[in-house]
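In what follows, a single structure is set out as C-alpha cells and then discussed.
Right, here's the structure in full:
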C-alpha cells in the first residue's frame with residue numbers, strides 16, 4: 001500500500017524527525033516550511049465541506065415494521081461506500097496522522113487564524129477517514145479558540161459516522177484507539193456541551209454510550225453536575241449583586257425630610273447673640289484667673305470659676321516635687337546615715353548639703 005511504503009521511507013522518516021526537533025526547540029517557521037513541502041502531495045479538492053455532507057436518505061427513529069429492513073439497507077449501503085472509499089484511498093495516499101498532527105500544532109503557534117477544521121477538509125474525503133488522534137488534536141485547538149459550536153457539530157458528525165473497524169477497536173478497548181476515543185468524549189462533553197449550557201444533553205449522551213466503562217461515565221457525569229451547580233451559584237450571586245445595587249440606588253434617592261422645618265430651623269440672630277455672650281464669658285473668666293493666685297484654694301469650688309481642689313493640689317505637688325523629694329531624701333539620710341556611709345554618694349551629698357545650708361543661712 002502507498003501509505004505503508006511512505007511510512008517506511010527513510011527520507012520521510014528523517015524529515016518527520018527533523019520537523020519534530022524544530023517544533024520541540026520552538027523553531028516554528030522552518031518546521032512549517034518543511035511540513036508544507038511534505039504535505040503538498042496529500043492535498044485533495046473537495047467540492048463541499050466533508051462536515052457538511054448529508055446522507056441521501058435519512059432514516060426515521062421509529063420502531064415500525066420497516067425499521068429493521070431500512071436499517072439493514074442503510075448498513076449495506078454504508079459498507080459499499082466504505083469499500084469504495086478504501087479503494088480510492090489505496091489509489092491516493094492518505095496523509096499520515098503523525099505528519100498532520102504536528103502540522104496542526106505548528107499552525108496553532110504561527111498561524112492561529114487558520115481554522116483546523118477547514119484544514120482537515122483539504123486532506124480527507126469523508127469524516128470517517130479522519131483518525132481519532134487527528135480529531136482529538138484538532139478539537140482541542142479549536143476549543144481553545146472558543147469555536148464551540150463548530151466543534152460540537154463536527155465532533156457529533158464524526159461520532160455518528162465512526163467506521164466499523166474503528167468501532168470494533170473501541171469496543172475491544174484496543175489502544176491507542178480507545179484512549180483517543182475517551183479523550184474525544186471528555187472534550188465533547190466537558191469542554192463543549194457543558195460550557196454551552198447543554199447539561200441534560202451531556203448526561204443523555206453518556207447514558208446512551210455503549211463503549212465507556214461505568215466508572216468513566218460516573219466520573220464525567222459528576223463533573224457535569226459540578227459545572228452546572230457552579231454556574232447556578234454564579235447566576236444567583238450576580239442576581240443578588242444586582243438586587244443589592246438597585247436597593248442602594250433606592251436608598252440613595254429616598255428622602256427623610258421632617259414634616260415641619262419651620263420649628264427646627266435656628267434663628268440666625270439668636271445664634272449670633274449666644275455666640276457673642278459665650279465669647280465674653282470666656283474672656284472674663286481668663287481675666288479673673290489672671291488676678292487669682294493659682295494656688296489659692298479659697299472659693300475654688302464655691303463659685304465654679306476655678307479648678308477643683310484636687311487639681312490645684314496636684315499642680316502644687318508637681319511644681320514643688322523636686323524640692324520636696326530632695327528635702328525628704330536629706331531627712332532620711334540624716335536619720336539613717338548608714339545607708340550611704342563609705343560611698344561616693346555620701347561625699348557628694350555632704351558637699352551639696354553644706355552648700356544648701358550656706359545658701360539658706362545667707363538668705
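Residue numbers (our numbering): 1 to 363. Built from N, CA and C at the ideal position, the CB exists for glycine as well. The structure displayed is predicted, hence computed values, not measured ones.
Would residue i be called buried (16 or more neighbouring beta carbons within 10 Å of its own) or exposed?
i, result
"residue 56", "Confidence at residue 56 is low in this model, with a pLDDT of 45, below 50, so the placement of that residue should be treated as unreliable; the coordinate-derived value is given next. Classification for residue 56: exposed."
"residue 259", "For residue 259, the predicted model reports a pLDDT of 48, less than 50, meaning its position is unreliable and no value from the coordinates is stated."
"residue 132", "buried"
"residue 193", "buried"
"residue 155", "buried"
"residue 332", "exposed"
"residue 141", "buried"
"residue 16", "buried"
"residue 104", "buried"
"residue 360", "exposed"
"residue 10", "exposed"
"residue 318", "exposed"
"residue 127", "buried"
"residue 129", "buried"
"residue 366", "The structure shown does not extend to residue 366, since the chain is modelled only from 1 to 363, so the question has no answer here."
"residue 169", "buried"
"residue 326", "exposed"
"residue 355", "exposed"
"residue 226", "exposed"
"residue 264", "Any reading at residue 264 needs caution, since the residue's pLDDT is 45, under 50, leaving its predicted position unreliable; the model's value is listed next. The residue in question, residue 264, is exposed, as its Cβ has fewer than 16 Cβ neighbours within 10 Å."
"residue 344", "exposed"
"residue 189", "buried"
"residue 321", "exposed"
"residue 243", "exposed"
"residue 362", "exposed"
For the alpha helix (DSSP H) that contains residue i, what are its first and last residues?
i, result
"residue 213", "Residue 213 -> no alpha helix (DSSP H), and no H or E assigned at all."
"residue 127", "Unbroken run through residue 127: none, as it is neither H nor E."
"residue 182", "177-188"
"residue 93", "Neither: residue 93 is in no alpha helix (DSSP H) and is coded neither H nor E."
"residue 30", "28-39"
"residue 121", "No alpha helix (DSSP H) contains residue 121, which DSSP labels as neither H nor E."
"residue 170", "164-171"
"residue 150", "148-160"
"residue 51", "That residue, residue 51, is in no alpha helix (DSSP H); it is neither H nor E in DSSP."
"residue 10", "10-24"
"residue 207", "199-207"
Using only alpha-carbon positions, find the residue among the options that is nearest to residue i.
i, options, result
"residue 179", "195, 191 and 134", "134"
"residue 107", "343, 166, 29 and 362", "29"
"residue 230", "105, 354 and 199", "199"
"residue 185", "164, 100, 197 and 151", "151"
"residue 144", "169, 167, 129 and 112", "112"
"residue 173", "211, 36 and 99", "211"
"residue 48", "123, 105, 23 and 22", "123"
"residue 349", "361, 362, 334 and 13", "334"
"residue 182", "196, 330, 206 and 114", "206"
"residue 44", "208, 226 and 94", "94"
"residue 18", "98, 177, 41 and 236", "98"
"residue 224", "325, 239 and 202", "202"
"residue 191", "311, 325, 136 and 148", "148"
"residue 329", "158, 315, 352 and 162", "352"
"residue 187", "23, 153 and 165", "153"
"residue 52", "158, 346 and 239", "158"
"residue 109", "14, 241, 218 and 22", "22"
"residue 50", "39, 316 and 117", "117"
Quick one: does residue i have its CB under 7 Å from some CB of chain D?
i, result
"residue 145", "The chain labelled as chain D is not found in the depicted structure, where only one protein chain is given."
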